Structure formats: C-alpha cells, structure tokens
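Visitor: Heads up: the sequence shown is residues -5 to 317, going by my numbering.
Where a beta carbon is used, it is the ideal one built from N, C-alpha and C, also for glycine.
On a predicted model such as this, the values are computed, not experimentally measured, just so you know.
Here it is, the structure, as structure tokens.
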Amino acid sequence: MESKYKTIKEIGEGAFSSVILALNIDNGEKVAIKKMKKRRWKDTAAQAEISALQKLHHENIIRLLDVFREDYRSFLVFECMDCDLNELVVSRQGRHLPDTVILDITYQMLNGLDFIHRNGLFHRDIKPENVLIRRHIMPNGDNGNSSIIVEAKIADFGLVHDLDFSRPLTDYISTRWYRAPEVLLNCPNYSMPIDVWAVGTIIAELATLHPLFPGQNQIDQLRRIFEVLGTNTTGSWYEGAVYARKLGIAFIPSRRKPLHTVIPEVSGALTQLIDYLLVLNPANRPTAQDGLALVQIARHADVWAYSNTDAGTSGGNNKAAGC
C-alpha cells in the first residue's frame, strides 16, 4: 500500500472495515481506502461489494478506483466526498435545509437506486451515513455571487444482494430506523422496495433534522411506523398481518394519519413525496423510477443550484463508502 498510497489519517471505523484518507502518490489525488477486517481475500462482503461496484458505473454511485490485497486483507479504494447525509443533518444545528436542496439530493438518491435496481440488485443498507455528498461552487457571472451544486452518491455496498432468491437473505440488514416493515416482520424474499422505503425516511429526516421513526428495538420500530401509517394491514397488506401474528405482535387497530399532522413543519411538496414512498405493502410501494417522476414535478427541473449563503454542508471531512 505504501508504494502507491500515502496514509493521511483514519476517518472511520465500522464492524467489518475501517476507512483511511490517503493520497494517491501517482496523481496527488485524495482517496478513501476501505480496509476489510477479515484476513482473507474471499471475504463474502468484500467480494459482493467489489462485484457490484465493478458493474455499477453511474454518476450517483460511489466510484471504485482500485482493489488490492495485502496481508490477506481486501483494500477497496474510492473517490473522496465531503461528508455524508448524517453529518449534513448534524451540521445544520437546527437550521432547516431549503426544499430545493432536499429535492436535489432525493432525485440523485432515487436516480442511483433506479440504476442499481435495473441491474438486478438492491442495496439493503440505505441510510444517511451511506449517502455521500460533495459540493461544487459555481460562479454566477460578474456579480460576485456563486451557487453551489450538491453531488450525491450512494455508498457502502457490503450488504448488496441480487434478485436470485436461491441465495438466502441474511437476518441483519440496514439500520433499524430505516428498515422497511417487511424486514421488521421477518418476511422472506424482500427486495427492491426496502430501498425505496429507506429513501422516504431519509427525506423526512433531511426535512425535519431528526429521524421519522427512531425505534428503540424491533417492536418499538414497528409500533412507531404503525402509529403513523395505521395497522389496518388485513385489507391493504394481508401478508403483513400474517407475519405480525407469527411474531406474536398485536397492535391496537388504527388508521393512517395525515402525514402533515405528524411533520407539520415540512412543506406540502416534500410531505406528499414522503407519503408517496412510505407505503406499508411492498407490492404497492412505488419504484425508484416512480419516485423520480414525482420529484421532477416537485422541483420543476430547474433547481439544481442554490445560494451559497445556505450551502448546507460545512465541508472539511473526506468520506467514502463504508465510513
């Protein structure tokens, strides 16, 4: 590694990997190197991530620049980004993001997901920490002002899965607050709709600066979801009711609440989008492509840039997949 990359500092650590900010000695570019903790080359998570990223070349998916092994460990080299969405939310310190920024980021999340899904894969761990952003400052002519374009990319494909249901799905997928109800109910053969659900929860978090469903455990997570979306699953989602009974879960019957009463500080356009994506029955949940169409209507296709007086990110940290 030292012959090609110069370590700057460690910038993140997870259960299965750590991430190092480094300098490419050949071209002077900063990169983020994901070091897998398992001491074997054929590590399942690493191989799944490598295989997916080698075929997923898209503007809204993190770029895998290099792969190598050292001391029987896998090293994945990624482009650098400024920060992740969780860091963006924290950096706001209560100052709400403009709708234009949220819609722009949402469009890019769904655009990346649509490409992933069209390639027969689903991510399984969409959460704010796994959506990375970069700011580009663009001058606005001679008036001295500038605009900032936010570039968003989906990262960390360690839990990616294909649609080959002959391969078993692991029990642990995604962070609890962003898990779809079918996952929480242990439904078999969940797939692409779980990623769309996660995007809906992230939009709400970007708009309110706090999680929409911050459950303390699996049951509490389901309770919070059903309190908002209702528990009348027998008619709208029969399978969900069946799996709830199998888990011994019984909730007080309730109807879906108007979402604007739950998050009244959020604009009508964003509330409509969140409500559209958060459908209990995965069979009725819109696709990423469906979501893209609604975002285009909401953003009028002309709000890519916004004033740097409210740029959204504080910058400074370099991030990449797996941070």
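1) Starting from L50, trace the alpha helix (DSSP H) both ways and give me its first and last residue.
2) Alpha carbons only, please: which of V193, A282, D158 is nearest the one belonging to A174?
3) Secondary structure at V273, three-state DSSP: helix, strand or coil?
4) Out of G22, I14, Q41, which one is the CA nearest neighbour of K29?
5) Within the 8 angstroms Cβ cut-off, does I291 reach chain C?
6) Is the beta carbon of L332 sitting closer than 8 angstroms to the one on I5?
7) Taking the straight line between their C-alpha atoms, what separation do you get for V321 and G242?
8) Check K121 in the structure and name its three-state DSSP category.
9) Report the option in L179, R170, G114, I246 whose CA atom is closest to the CA atom of H155.
10) Which residues does DSSP pair with V130 in a beta bridge?
11) I'd like the span of the alpha helix (DSSP H) that includes I19, first residue to last.
12) State the Cα-Cα distance for the pair Y237 and P182, rounded to the nearest angstrom.
13) What does DSSP give as the partner residue(s) for F62 in the beta ladder?
14) By the 10 Å Cβ neighbour count, where 16 or more other Cβ atoms means buried, how is L157 classified, buried or exposed?
15) When DSSP labels each residue in this structure, what does A295 get in the three-state scheme?
16) Taking only heavy atoms of the ligand NAD into account, decide whether any of them is closer than 7 angstroms to the Cβ of P252.
17) Could you spell out the range, first to last residue, of the alpha helix (DSSP H) harbouring E221?
18) List the endpoints of the continuous beta strand (DSSP E) containing Y(-1).
Guide: Inspection of the coordinates gives the following:
1) For L50, there is no enclosing alpha helix (DSSP H), as DSSP marks it with neither H nor E.
2) Closest by alpha carbon: V193.
3) Correct three-state label for V273: coil.
4) Ranked by Cα distance from K29, the first of G22, I14, Q41 is I14.
5) Note that chain C does not occur in the displayed structure, where there is just one protein chain.
6) In the structure as shown, the chain begins at -5 and stops at 317. Residue 332 is therefore absent and cannot be evaluated.
7) Since the first and last residues shown for the chain are -5 and 317, residue 321 lies out of range.
8) In the structure shown, the three-state DSSP call for K121 is coil.
9) When L179, R170, G114, I246 are compared, the shortest CA-CA separation from H155 is found for G114.
10) The sequence shown places His at residue 130, not Val. Answer is I143.
11) First-last for I19: undefined, no H or E at that position.
12) For Y237 and P182, the distance between alpha carbons rounds to 10 angstroms.
13) According to the DSSP secondary-structure assignment, F62 is paired through a beta bridge with F69.
14) When all chains shown are included, L157 counts as exposed.
15) A caution first: A295 carries a pLDDT of 43, below 50, which makes its placement in the model too unreliable to give a value.
16) As presented, the structure is devoid of all ligands, the ligand NAD included, so that no description of it is given.
17) Membership of E221 in the alpha helix (DSSP H) is indicated by the continuous run 212 to 223.
18) Its beta strand (DSSP E) spans residues -1 to 7.
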